[in-house]
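S.K.:
Chains as they are written, first to last, in the numbering used here: chain A, 4 to 114; chain B, 32 to 146.
Listed below in structure tokens is the structure:
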């Protein structure tokens with residue numbers, strides 16, 4: 004089946020940029036998503052990118068997509084302590100449309 | 032407004048109890064989803080409703096029984112659960128009635144503990 008992989012943990016200092024990486028296997032994916040999950044909470048949709056785009060920027064968030072390498076990244080500029088959470092990358096599978104999630108990256112922001 | 036609400040926030044139940052989880056959205060979305068999430072893991076799909084009809088059941092045990100009384104509401108009825116069913120149960124919705132054709136928006140979840 005299709006697979007999405009992420010590194011499990013990232014630690015940054017407040018004010019630095021964070022870059023969370025994700026790789027996926029389904030070359031027919033249509034949309035790729037980033038969801039944020041704070042402790043004890045549900046999944047919050049952060050941003051998404053259509054598969055024919057290379058980049059999308061939304062305030063402090065920049066999403067880069069390298070379709071050739073099937074690599075997606077989320078850059079958070081000026082990272083704040085409130086950004087500490089688990090970040091899930093997900094692809095919308097081309098055949099079924101189901102969301103295939105990565106394992107999630109825990110972002111720790113140190114003051 | 033992209034809000035999906037879920038009640039209760041927390042639920043503790045014994046293995047012989049019957050309880051229900053409730054999910055509501057007022058965005059006019061026509062597809063609704065139940066997911067189960069264990070700690071530190073991604074969500075796992077359980078059920079999908081399209082236009083108030085069950086369209087996908089991901090081989091979920093019959094002790095979980097979904098219901099979609101109308102286009103805004105989704106319930107999950109629980110009966111004779113096991114301790115390993117303890118998890119965060121997430122509801123999601125998407126605009127089109129065709130499952131998985133649109134962005135899914137998630138609720139805050141119900142934290143279920145089975146004793």
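Glycine included, each C-beta is placed from N, C-alpha and C at the ideal position.
Could you tell me which whole beta strand (DSSP E) segments of length 3 or greater appear in the region 64–102 of chain B?
M.R.: Within the region 64–102 of chain B, the complete beta strand (DSSP E) runs of at least 3 residues are 75–81, 84–88, 95–101.
S.K.: Alpha carbons only, please: which of B:144, B:36, B:74 is nearest the one belonging to residue 111 of chain B?
M.R.: B:144
S.K.: So residue 26 of chain A packs on residue 73 of chain A, CB below 8 Å; how close in whole Å?
M.R.: Your pair residue 26 of chain A and residue 73 of chain A checks out as a contact, with CB atoms roughly 6 Å apart and the cut at 8 Å.
S.K.: Counting only beta-carbon atoms, is residue 95 of chain A nearer than 9 Å to chain B?
M.R.: Yes - at least one Cβ of chain B is within 9 Å of the one on residue 95 of chain A.
S.K.: Between which two residues does the beta strand (DSSP E) holding residue 61 of chain A run?
M.R.: 58–61
S.K.: Quick test of the definition: if touching needs 3 or more C-beta pairs under 8 Å, does the region 39–59 of chain A touch the region 42–60 of chain B?
M.R.: no
S.K.: Counting only beta-carbon separations shorter than 9 Å, does residue 99 of chain A have a partner in chain B?
M.R.: By this cut-off, residue 99 of chain A is an interface position.
S.K.: Once the 5 residues before and after residue 35 of chain A are set aside, which same chain residues still bring their CB inside 6 Å of it?
M.R.: 52, 75, 94
S.K.: Give a yes or no on whether 9 Å exceeds the smallest Cβ distance from residue 83 of chain A to chain B.
M.R.: It does not: the Cβ of residue 83 of chain A has no partner Cβ on chain B nearer than 9 Å.
S.K.: Taking all protein chains shown into account, decide if residue 60 of chain B is buried (16 or more other Cβ within 10 angstroms of its Cβ) or exposed.
M.R.: Classification for residue 60 of chain B: buried.
S.K.: Please give the ranges of any beta strand (DSSP E) in the region 73–97 of chain A, keeping only runs that are unbroken, at least 3 residues long and fully inside the region.
M.R.: The DSSP assignment places complete beta strand (DSSP E) segments of no fewer than 3 residues inside the region 73–97 of chain A at 74–79, 88–95, in order along the chain.
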